[in-house]
Amino acid sequence: MEHKRVTLFAGHYGSGKTNIAVNYALYLRSLGKEVAVADLDIVNPYFRTKDSEDDLAAAGIRLISPQFANSNVDLPALPAEAYGLVENRGAYAIMDIGGDDRGAYALGRYVPYLKEENDYQMAFVANPYRPLTATPQEALEVMREIEEAGHLPFTAIVNNANLGPETTAKTVLDALPYLAELSAISGLPVWMTTAEETVAAELQGKVENLLPMRLQKKYFDLPEQRRAPPPRPLFG
Amino acid sequence: MAERVLMKGNEAIAEAAIRAGCRHYFGYPITPQTEIAAYMAKKMPKIGGVFLQAESEVASINMVYGAAAAGARVMTSSSSPGISLMGEGLSYIAGSDVPAFVVNVQRGGPGLGGIQPSQSDYFQATRGGGHGDYHMIVLAPASVQEMASLTVKGFNLADKYSMISMILADGTIGQMMEPISFEDVEVEHYDKPWALTGTECKRKHNIVNSLYLQPEILERKNVERYEKYKVVEENEVLYETYMMDDADYCVVAFGIAARVAKNAVVAARAEGIKAGLIRPITLWPFPKKVLRDAADQVKSFISVELNMGQMIDDIRLATECRRPVTLCNRVGGMIPSPAQVLQSIREAAKGGN
Chain A
684 MEHKRVTLFA
694 GHYGSGKTNI
704 AVNYALYLRS
714 LGKEVAVADL
724 DIVNPYFRTK
734 DSEDDLAAAG
744 IRLISPQFAN
754 SNVDLPALPA
764 EAYGLVENRG
774 AYAIMDIGGD
784 DRGAYALGRY
794 VPYLKEENDY
804 QMAFVANPYR
814 PLTATPQEAL
824 EVMREIEEAG
834 HLPFTAIVNN
844 ANLGPETTAK
854 TVLDALPYLA
864 ELSAISGLPV
874 WMTTAEETVA
884 AELQGKVENL
894 LPMRLQKKYF
904 DLPEQRRAPP
914 PRPLFG
Chain B
100 MAERVLMKGN
110 EAIAEAAIRA
120 GCRHYFGYPI
130 TPQTEIAAYM
140 AKKMPKIGGV
150 FLQAESEVAS
160 INMVYGAAAA
170 GARVMTSSSS
180 PGISLMGEGL
190 SYIAGSDVPA
200 FVVNVQRGGP
210 GLGGIQPSQS
220 DYFQATRGGG
230 HGDYHMIVLA
240 PASVQEMASL
250 TVKGFNLADK
260 YSMISMILAD
270 GTIGQMMEPI
280 SFEDVEVEHY
290 DKPWALTGTE
300 CKRKHNIVNS
310 LYLQPEILER
320 KNVERYEKYK
330 VVEENEVLYE
340 TYMMDDADYC
350 VVAFGIAARV
360 AKNAVVAARA
370 EGIKAGLIRP
380 ITLWPFPKKV
390 LRDAADQVKS
400 FISVELNMGQ
410 MIDDIRLATE
420 CRRPVTLCNR
430 VGGMIPSPAQ
440 VLQSIREAAK
450 GGN
């Protein structure tokens with residue numbers, strides 16, 4: 684798998700950008716690289732990179748978050764230090780962009796630097812199980828809207844086909860024709876496939892360039908939704 | 100579209116509304132429910148429906164009133180401060196006995212409060228919300244699947260009883276993503292002979308109005324409305340019970356709090372404490388009977404809420420104060436952890452009977 688100096692994850696909202704950004708950062712770090720992650724999500728104040736702050740810090744990864752992330756302030760503010768990530772070419776940088784074209788507006792200001800350095804991957808995160816991108820054509824439409832708003836063309840696709848806790852190897856494999864078509868109509872390669880680690884284990888040898896992901900446990904997960912053997916009995 | 104889809108709670112409401120036949124959405128954006136409006140903005144024009152971003156919540160609810168009076172399946176959605184702005188319109192709709200579907204994805208209050216999840220609009224929703232004597236049917240989903248199924252149910256009930264039905268959700272359920280399907284969508288159709296559809300000079304004109312010049316008539320209208328509410332209370336109560344068969348301690352929680360509580364009940368059972376859960380799905384009508392019956396079985400109740408203690412009053416009323424009811428809560432956008440709920444169950448168990 685090829686790793687550019689700057690990797691940007693963008694796509695339809697709820698496609699899995701934040702989970703992928705965090706896990707890709709941890710992966711690069713495991714290869715011994717110096718890595719920093721920037722949370723540039725100006726759209727969604729819930730469930731963001733900052734939720735993984737402790738995991739990233741423990742791995743020695745710098746996280747740059749907007750000042751108001753996870754607070755009650757609903758301001759689309761960008762962190763000033765994000766410029767440093769783009770300008771300072773010493774470390775690998777991962778940028779988590781907010782959903783859809785509205786999220787991509789945050790991108791424009793960094794584009795001149797990214798283009799000048801010309802060592803970036805602009806990755807479109809695709810999940811065919813999201814209803815508003817249920818067809819490759821709808822995904823391509825979202826792709827074009829993001830490119831127009833962010834002034835940066837995509838260079839690759841990330842296959843993040845998943846149904847949350849119900850995801851199986853079949854879920855991912857069933858999505859391969861969709862990804863092939865999206866790749867064909869967009870002219871972009873499928874750069875990697877991401878899957879929760881137990882699902883990824885089943886996909887070894889069946890899918891190329893696999894990134895196993897460790898997903899955060901949430902306080903609202905139900906007993907029956909947890910991956911570990913569930914406590915018994917489940918329902919009375 | 101695949102059989103199973105991965106959706107946010109807010110999106111599930113929007114898609115379910117469309118499948119329930121809603122073609123009129125009026126609203127004004129507010130976190131944490133803006134995805135409902137965004138979804139409608141994207142979909143409605145493609146299916147011949149109306150999406151209109153009004154200039155305010157006051158305008159939105161009056162557009163809902165107008166479309167409802169014309170017999171349309173219509174909805175709006177907002178979050179706590181926006182629902183307060185709609186109070187007058189909700190009361191007018193209730194006073195005119197027309198059906199409407201309203202979504203409140205609650206955030207912390209009072210005032211501008213915050214954008215994180217809350218259940219502090221329980222009083223407002225279950226007591227009507229605006230001025231005057233009236234009720235809304237209040238539905239409290241605890242999963243993304245229920246966001247969809249209770250939306251369909253909400254439209255059906257609104258038309259069936261010609262009244263407002265409201266989804267009372269919270270920021271977390273609005274924002275969280277889960278796999279769901281829409282196979283259980285069953286759209287019911289009810290005639291609306293009172294609707295303002297144009298007489299074509301073939302019938303007497305209809306009037307939709309909440310103003311009555313004669314107090315005797317206004318009194319009669321109020322009494323008749325409460326006769327209807329009695330029927331709703333008899334027929335439309337929804338709740339879930341979990342491990343209640345042999346429970347000594349009953350946790351009562353709705354929405355996101357019920358998910359946390361369910362984990363705590365499992366943990367308490369693992370410690371040998373016989374805990375169970377009653378989850379009201381309709382907050383109005385409140386599941387009084389199952390709670391009254393539970394009061395003959397359990398030693399105490401624990402109300403888990405994301406507010407300073409609101410549903411706890413309804414538990415005390417329903418159980419006629421036969422057993423102690425304690426409160427386990429967080430507020431201001433915070434959520435109790437399963438460990439906090441477990442601790443409350445332990446304390447209840449220590450207190451014995």
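From first to last, the protein sequence lines stand for chains A and B.
Residue numbers for the first sequence follow our numbering, so the first one is 684 and each next one is one higher.
Residue numbers for the second sequence follow our numbering, so the first one is 100 and each next one is one higher.
Heads up, the beta-carbon is just placed ideally off N, CA and C, and yes, glycines get one too.
Keep in mind that this is a model prediction, so the values were computed, not measured.
Quick check: the Cα distance between A:K853 and A:A844, rounded to an integer number of angstroms?
10 Å
Rounded straight-line distance, which links the Cα of B:Q205 to that of A:T877:
33 Å
So the beta strand (DSSP E) B:K107 belongs to, where does it begin and stop?
V104 to K107
On the three-state DSSP scale, how would you describe A:Q804?
strand
Sort A:D724, A:M684, A:L709 and A:E685 by Cα distance to A:F692 and report the nearest one.
A:D724
At 4 residues or longer, what runs of the alpha helix (DSSP H) sit wholly inside the stretch 793–871 of chain A?
794–800, 819–833, 852–857 and 859–869
Within this structure, are the beta carbons of B:G371 and B:M343 separated by less than 8 Å?
no
Is A:G847 closer than 8 Å to B:I282 when the C-beta atoms are compared?
Reading off the sequence, residue 282 of chain B comes out as Glu, not Ile. Against a cut-off of 8 Å, the Cβ pair of A:G847 and B:E282 comes out as no contact.
Can you check whether the C-beta of A:L905 is within less than 8 Å of a C-beta belonging to chain D?
The question asks about chain D, but that chain is absent: this structure's protein chains are A and B.
Pick out whichever of B:A357, B:E333, B:P292 and B:K398 has its Cα sitting closest to the Cα of B:A461.
Nothing about residue 461 of chain B can be read from this structure; chain B reaches only from 100 to 452.
Contact check, B:V365 vs B:L405, beta carbons under 8 Å
no
Decide yes or no for the touch test of the stretch 759–769 of chain A against the stretch 712–721 of chain A: beta carbon pairs closer than 8 Å, at least 3 of them.
yes
Verify the CB distance criterion: does A:F918 have a CB-CB separation below 8 Å to chain B?
Reliability fails at A:F918, whose pLDDT of 33 lies under 50, so the model's placement of it is uncertain and the value that follows must be treated cautiously. Cβ-Cβ to chain B under 8 Å: yes for A:F918.
Where A:V720 sits in the DSSP three-state scheme:
strand
So the beta strand (DSSP E) B:D269 belongs to, where does it begin and stop?
I263 to D269
Kindly say whether A:E879, judged by its beta-carbon, lies nearer than 8 Å to any beta-carbon of chain B.
no
Over what stretch of residues does the alpha helix (DSSP H) that includes A:D738 continue unbroken?
E736 to A741
Kindly say whether A:E831, judged by its beta-carbon, lies nearer than 8 Å to any beta-carbon of chain B.
no
DSSP-derived helix/strand/coil call for A:A760
coil
Terminal residues of the continuous beta strand (DSSP E) containing B:L376?
A374 to P379
Is DSSP giving B:P216 helix, strand or coil here?
strand
Strictly below 8 Å CB to CB, what residues from chain B border A:R813?
V104, L105 and M106
Sorted by chain position, which residues of the same chain lie with C-beta nearer than 8 Å to B:R368's C-beta, five sequence neighbours on each side aside?
M342 and A374
Assuming B:Q274 and B:K107 make a contact with CB atoms under 8 Å, what is their CB distance in whole Å?
6 Å
Please compile the residues from chain B whose C-beta is within a distance smaller than 7 Å of the C-beta of A:L628.
Any answer about residue 628 of chain A is impossible in this case: the structure gives chain A only from 684 up to 919.
Classify A:A763: buried if its beta carbon has 16 or more other beta carbons within 10 angstroms, exposed otherwise.
exposed
In chain order, each beta strand (DSSP E) run of at least 3 residues that lies wholly inside the stretch 157–188 of chain B:
173–177
Along chain A, which residues have their Cβ under 8 Å away from the Cβ of B:Q274?
N727, Y729 and F730
Please state the DSSP three-state secondary structure of A:A693.
strand
Closer than 8 Å, CB to CB, is B:G126 near chain A or not?
no
Kindly indicate which residue of A:V841, A:M826 and A:I840 has the alpha-carbon position closest to the one of A:H834.
A:M826
Taking the beta strand (DSSP E) that B:N428 belongs to, which residues open and close that run?
V424 to N428
According to the Cβ coordinates, are B:A467 and B:S190 closer than 8 Å?
Past the boundaries of the shown model lies residue 467 of chain B; chain B is included only from 100 to 452, so the question cannot be answered.
Check this for me: beta carbons of B:M265 and B:V331, under 8 Å apart or not?
no
Using the C-alpha atoms, what's the distance from B:G450 back to B:E311?
Correcting the residue identity first, residue 311 of chain B is Tyr in this sequence and not Glu. Answer to the nearest angstrom: the Cα atoms are 54 Å apart.
Just the chain B side, please: which residues come within less than 8 Å of A:N755 by C-beta, in chain order?
G207, G212, G213, I214, Q215 and G432
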